[in-house]
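Working notes for the structure below.
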Amino acid sequence: MESFERDKRYNEYLKSKIPKTKPWPTLFNAFVVGGIICLLGEVIKDLLMLIPNMESSVASVWESVILIVIASILTGFGIYDKIGAFAGAGSIVPITGFSNSITSPALEFKREGMIFGLCANMFKIAGPVIVCGVIASIVAGLIFLIF
Amino acid sequence: MRKIGKQTIVFEHKPGVLSSYSIVGPKEGKGNFAKFFHQILSDDLFGQDSYEKAERKMFLSAVLESLKEAKLQTTDVDVLIGGDLMNQIISSNFMARELQAPFLGVFGACSTMVESLIVGASLIDGNGFKNAVCVTGSHFSTAEKQFRYPLELGTQRPPTSQWTVTGAGATILSNKKCDVKITRATIGKVVDWNVCDVNNMGGAMAPAALETLYTFFEDTKTKPNDYDLILTGDLGKLGSEILRDLMEYRGYKLESNYGDCGQMMFSNDQKVFQGGSGCGCVASILSSYVIKRLKEGSLKKVLVVATGALMSTISSQQGDSIPCIAHLIELEGKNV
Chain A
1 MESFERDKRY NEYLKSKIPK TKPWPTLFNA FVVGGIICLL GEVIKDLLML IPNMESSVAS
61 VWESVILIVI ASILTGFGIY DKIGAFAGAG SIVPITGFSN SITSPALEFK REGMIFGLCA
121 NMFKIAGPVI VCGVIASIVA GLIFLIF
Chain B
1001 MRKIGKQTIV FEHKPGVLSS YSIVGPKEGK GNFAKFFHQI LSDDLFGQDS YEKAERKMFL
1061 SAVLESLKEA KLQTTDVDVL IGGDLMNQII SSNFMARELQ APFLGVFGAC STMVESLIVG
1121 ASLIDGNGFK NAVCVTGSHF STAEKQFRYP LELGTQRPPT SQWTVTGAGA TILSNKKCDV
1181 KITRATIGKV VDWNVCDVNN MGGAMAPAAL ETLYTFFEDT KTKPNDYDLI LTGDLGKLGS
1241 EILRDLMEYR GYKLESNYGD CGQMMFSNDQ KVFQGGSGCG CVASILSSYV IKRLKEGSLK
1301 KVLVVATGAL MSTISSQQGD SIPCIAHLIE LEGKNV
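Here is the structure:
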């Protein structure tokens, strides 16, 4: 009981000592970099729309593909983690962040072999995102069906 | 060898430090201790095809170079003691496979260096062993892979985080008379004050350092000011501030003779938040700076308290708090 009190007091003390992340500069960096990535996406789409007979929905798909490839290549060259360290959610939330989360474990675990290394670990970080995404879309689908 | 007080050992024959060797990675080589390290790698892969193999090679090189300095052959080694952060301490085991010397693998997370020195000094003080080679180290990239995220993942590190040191240190203890001697040691207890945040190792480990330091001062009837330097392993900036607070609360104020290897390892512009951590942090600084300064006589009495966080990724994910440990050795320099 005595140690429980001590632990509680210590954890409260610890909380008061912990340096906090400064919200405004962090939010600003995330906003700017996230904005630039989205702007890049729009530019890519506008350029794709210059192709004769290009449909908007098809151009959107190609836009995503191009962003994913760019982020994957930047990850391979060791640039995306530096962008991420600066921008935080600004570069994690867009589709480029998803690409990074798949490429980076693939690079990390390729030394453990193709199947049990690369393939088994590739979705280590993106996996939960996909699971939650699928569940969320099922829930949304059911709501849409009922109402 | 005898025990005094609650947890402290007195080494009556004062095992000596015959030689030591430290290797660090390129980032550590730009830090505050750059001029003291024996070898700074230009490439943290050390010519290998994986970081795990590079870590192993650092261990092996540190041992071989320290043997060279001590003018010993691998066949002369009475006992090799080592450990590391990898699962099943693979770096140490694979190094020992190469060396073919009698081997004890130890694990105390980041406290492993001091743990192996205590074991080595005890074996020598017990009058049977001529020498004991103690080695530990860590690698940033292998630790990240095992404990955190892939290197190339674009995440932000929290402000309480520390940077695992790429480095290894080997120290050879001997029954011969040497300039630097190990005189006393305190074996720590596992201390857990219910800290669960794996991104705040300093905060989790500070109570362990407190208990061991406090017990040592009580057992030996000494005070912090009796020492030229009191060095903790890798509490980092925040953790060492906390230790100062806790020690003062217990009646032993730590003055300017106290420092933390993690806090001091990197320079301020290296963006590592709370500083360095890992087995290699205290191992490389102890095997270079501390022993060099003790040898030349500019430091006379030093306490090294290495702290270790004993959790695994599984225990943390299951909601367990972080058990921590700290071991202490007292070193004496020339002409004390």
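So the protein sequences, as listed, match chains A and B. Under the numbering used here, the first residue of the first sequence carries the number 1, and numbering increases by one thereafter. Under the numbering used here, the first residue of the second sequence carries the number 1001, and numbering increases by one thereafter. Yeah, the Cβ is synthetic: ideal placement off N, Cα and C, and Gly gets one too.
At least one CB atom of chain B sits nearer than 7 Å to the CB of A85/A. Under DSSP, the beta-bridge partners assigned to D1260/B are T1232/B. Membership of I1172/B in any alpha helix (DSSP H) is not indicated; the residue belongs instead to the beta strand (DSSP E) covering G1167 to S1174. By the Cβ-count criterion, M1086/B is buried, with 16 or more other Cβ atoms from all chains shown falling within 10 Å of its own Cβ. Taking C-beta atoms under 8 Å as the contact rule, G90/A and F31/A qualify, at a distance of about 7 Å. Residues of the stretch 1312-1327 of chain B whose Cβ lies closer than 8 Å to any Cβ of chain A: none. In the same chain as S1042/B, and ignoring 5 residues on each side of it, the C-beta atoms closer than 7 Å to its own belong to P1026, in chain order. Per the DSSP secondary-structure output, Y1252/B pairs with nothing in a beta bridge.
Listed by position along chain B, the residues whose Cβ is nearer than 8 Å to that of G97/A are G1154. Remark: C-beta atoms of T1171/B and C1134/B approach each other more closely than 7 Å.
N1093/B: member of the alpha helix (DSSP H) spanning I1090 to L1099, first to last residue. According to the DSSP assignment, F1266/B belongs to no alpha helix (DSSP H), since it is labelled neither H nor E. For N1257/B, there are no neighbours in chain A by C-beta distance under 9 Å, as the nearest C-beta there is about 23 Å away. Taking a Cβ-Cβ cut-off of 7 Å, V1190/B has no neighbours in chain A, whose nearest Cβ is about 13 Å from it. Put simply, the CB of P19/A is near chain B, with a gap under 7 Å to one of its CB atoms.
Look at R9/A: its C-beta is not under 7 Å from any C-beta on chain B.
For the set D1179/B, M1311/B and D1219/B, the Cα lying nearest the Cα of S1298/B is the one of D1179/B. Within chain B, the residues whose beta carbon sits less than 7 Å from that of P105/A are P1150, listed in sequence order. Cβ-Cβ separation between G1276/B and G1259/B: approximately 12 Å, too far for a contact (criterion under 8 Å). In the same chain as E1052/B, and ignoring 5 residues on each side of it, the C-beta atoms closer than 6 Å to its own belong to T1142, in chain order. Rounded to whole angstroms, G1105/B and L1064/B show a C-alpha spacing of 18 Å. A straight-line Cα-Cα distance of about 22 Å links G1128/B and S1020/B. The secondary-structure analysis by DSSP pairs T1164/B across a beta bridge with S1277/B. Under a criterion of Cβ atoms nearer than 9 Å, the residues of chain B adjacent to S91/A are, in order, G1154. When Cβ-Cβ separations below 7 Å define contact, T1160/B makes contact with chain A.
In the same chain as A1109/B, and ignoring 5 residues on each side of it, the C-beta atoms closer than 7 Å to its own belong to L1085, G1308, A1309 and L1310, in chain order. Any Cβ of chain B closer than 7 Å to the Cβ of L14/A would place that residue at the interface, and such an atom is present. The beta carbon of G1083/B sits closer than 8 Å to those of I1089, S1092, G1105, V1106, F1107, G1108, T1112, E1115, S1116, T1136 and C1279, all from its chain and outside the five residues before and after it, given in chain order.
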